[in-house]
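**Student:** Submitted below is the structure of interest, expressed as structure tokens.
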Amino acid sequence: AQSVTQLGSHVSVSEGALVLLRCNYSSSVPPYLFWYVQYPNQGLQLLLKYTSAATLVKGINGFEAEFKKSETSFHLTKPSAHMSDAAEYFCAVSVTGGGNKLTFGTGTQLKVEL
Amino acid sequence: KAGVTQTPRYLIKTRGQQVTLSCSPISGHRSVSWYQQTPGQGLQFLFEYFSETQRNKGNFPGRFSGRQFSNSRSEMNVSTLELGDSALYLCASSLEGPAGAEAFFGQGTRLTVV
């Protein structure tokens, strides 16, 4: 079975500072990895996904993530935080043979301060 | 094109009752998945339907059931409601294909059991 661990349930950054949200995965087969964002009282929106092409994945709103197999990590970064980035972020994994089932991490609440 | 539509958005039910939630996927999407989101357990996979067949099932009791119609619309039913069933229920639709397809989420149905 696959799993995802997100370190830090709450992260706070200053506007303009680097955003780094951590995600480590566990999977016995090659994984597909995703980052989703959720705003209050909303569904989830895909930021980016890794599907075994390039290891550095660029997503929407200036976010990117790097797949590192040796570290089983898929951390999400953004060079400069904006107030509008405040939301909850979820890392998720799926595998071939699992259909479209996503296994999510516990989420990281990002706070952006002036 | 229209996104994933979930109805109703909010629901209040009494313990012991049953409830049916509806999800209309994006046109052309044949896979529909359901997730339960709670503060304590996070996002948990309930089940996935593809072409009217349940393709995957999570670890939920038999009180939770679902179905998919020929037009890909899906419903989930919870019988004999318990207080712990209070949650945000999210539906996601995806194109057919191997794992790695983007899941598009609806805004969810907020169920409160009193």
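As given, the protein sequences belong to chains A and B, one line each in that order. Going by this note's numbering, the first sequence opens with residue 418, and the numbers climb by one from there. Going by this note's numbering, the second sequence opens with residue 50, and the numbers climb by one from there. Each residue gets a CB set at the ideal place from its N, CA and C atoms; glycine is no exception.
1. From Leu464 (chain A) to Arg79 (chain B), what does the alpha carbon distance come to, in whole angstroms?
2. Counting contacts by CB-CB distance shorter than 8 Å, is Ser143 (chain B) in contact with chain A?
3. What separation, rounded to the nearest whole angstrom, lies between the Cα atoms of Asn120 (chain B) and Val81 (chain B)?
4. How many angstroms separate the CA atom of Val428 (chain A) from the CA atom of Ala498 (chain A)?
5. Is it buried or exposed, Phe96 (chain B), if we count other Cβ atoms within 10 angstroms and call 16 or more buried?
6. By alpha-carbon positions, which one of B:Ser143, B:Phe113 and B:Val163 ends up nearest to Leu70 (chain B)?
7. Could you check whether the region 513-526 of chain A touches the region 84-102 of chain B, counting it as contact only if at least three pairs of C-beta atoms, one from each stretch, sit closer than 8 Å?
8. Determine the direct distance from the alpha carbon of Val454 (chain A) to that of Glu432 (chain A), and round the result to whole angstroms.
9. Quick one: does Gly476 (chain A) have its CB under 8 Å from some CB of chain B?
10. Which of the three DSSP states is assigned to Gly115 (chain B) in this structure?
11. Along the chain, where does the beta strand (DSSP E) containing Phe491 (chain A) start, and where does it finish?
12. Distance, Cα to Cα, Asp134 (chain B) vs Gly460 (chain A)?
13. Residues of chain A with CB closer than 9 Å to the CB of Asn105 (chain B), please, in chain order.
14. Note down the Cα distance separating Gln86 (chain B) from Val421 (chain A), rounded to an integer number of angstroms.
15. Determine the direct distance from the alpha carbon of Ala434 (chain A) to that of Thr102 (chain B), and round the result to whole angstroms.
16. Which of helix, strand or coil does DSSP assign to Ser511 (chain A)?
17. Run through the DSSP bridge pairs and tell me what Thr69 (chain B) is partnered with.
18. If you measure beta-carbon to beta-carbon, which residues of the region 455-471 of chain A are closer than 9 Å to chain B?
19. Return the residue from the list A:Ala470, A:Gly514, A:Trp452 and A:Ser444 that minimises the CA-CA distance to Gly479 (chain A).
**Tutor:** Straight from the coordinates:
1. Counted from its first residue, the first sequence places residue 464 (chain A) at position 47. Counted from its first residue, the second sequence places residue 79 (chain B) at position 30. Taking the straight line joining both Cα atoms gives about 22 Å.
2. Sequence index remark: in the second sequence, residue 143 (chain B) carries index 94 (1-based). Taking Cβ atoms only, chain A reaches closer than 8 Å to Ser143 (chain B), which makes this a yes.
3. In the second sequence, residue 120 (chain B) corresponds to position 71, counting from 1. In the second sequence, residue 81 (chain B) corresponds to position 32, counting from 1. Taking the straight line joining both Cα atoms gives about 11 Å.
4. Residue 428 (chain A) sits at position 11 when you count from the first residue of the first sequence. Residue 498 (chain A) sits at position 81 when you count from the first residue of the first sequence. Using only the alpha carbons, I get a separation of about 12 Å.
5. The sequence position of residue 96 (chain B) within the second sequence is 47, counting from 1. It counts as buried.
6. The residue labelled residue 70 (chain B) in the question sits at position 21 within the second sequence. Out of B:Ser143, B:Phe113 and B:Val163, B:Phe113 has the C-alpha closest to the C-alpha of Leu70 (chain B).
7. These segments touch.
8. Sequence index remark: in the first sequence, residue 432 (chain A) carries index 15 (1-based). Sequence index remark: in the first sequence, residue 454 (chain A) carries index 37 (1-based). Cα to Cα, the separation comes out at about 18 Å.
9. Working through the first sequence from its first residue, we reach residue 476 (chain A) at position 59. No, Gly476 (chain A) does not count as interfacial toward chain B.
10. The residue given as residue 115 (chain B) occupies position 66 in the second sequence. Reduced to three states, the DSSP call for Gly115 (chain B) is strand.
11. By 1-based counting over the first sequence, the position of residue 491 (chain A) is 74. Counting along the chain, the beta strand (DSSP E) containing Phe491 (chain A) begins and ends at Ser490 to Lys495.
12. Sequence index remark: in the second sequence, residue 134 (chain B) carries index 85 (1-based). Sequence index remark: in the first sequence, residue 460 (chain A) carries index 43 (1-based). Looking at the backbone, the Cα of Asp134 (chain B) and that of Gly460 (chain A) are separated by about 18 Å.
13. For the purposes of this step, residue 105 (chain B) is identified with residue 56 of the second sequence, where counting begins at 1. Gly515, Gly516, Asn517 and Lys518, listed in chain order.
14. As a working note, residue 86 (chain B) is residue 37 in the second sequence. As a working note, residue 421 (chain A) is residue 4 in the first sequence. If I take the Cα positions, the gap works out to 16 Å.
15. The residue you call residue 102 (chain B) lines up with position 53 of the second sequence. The residue you call residue 434 (chain A) lines up with position 17 of the first sequence. Roughly 47 Å between the two C-alpha positions.
16. If you number the first sequence from 1, residue 511 (chain A) lands on position 94. Ser511 (chain A): strand per DSSP, three-state reduction.
17. Taking the second sequence and counting its residues from 1, the one referred to as residue 69 (chain B) is at position 20. For Thr69 (chain B), which the question treats as bridged, DSSP gives the partners B:Asn126.
18. Flagged, chain order: Gln455, Asn458, Gln459, Gly460, Leu461, Gln462, Leu463, Lys466, Tyr467, Thr468 and Ser469.
19. As a first step, residue 479 (chain A) must be located in the first sequence, where it is residue number 62. Ranking the options by Cα distance to Gly479 (chain A), first place goes to A:Trp452.
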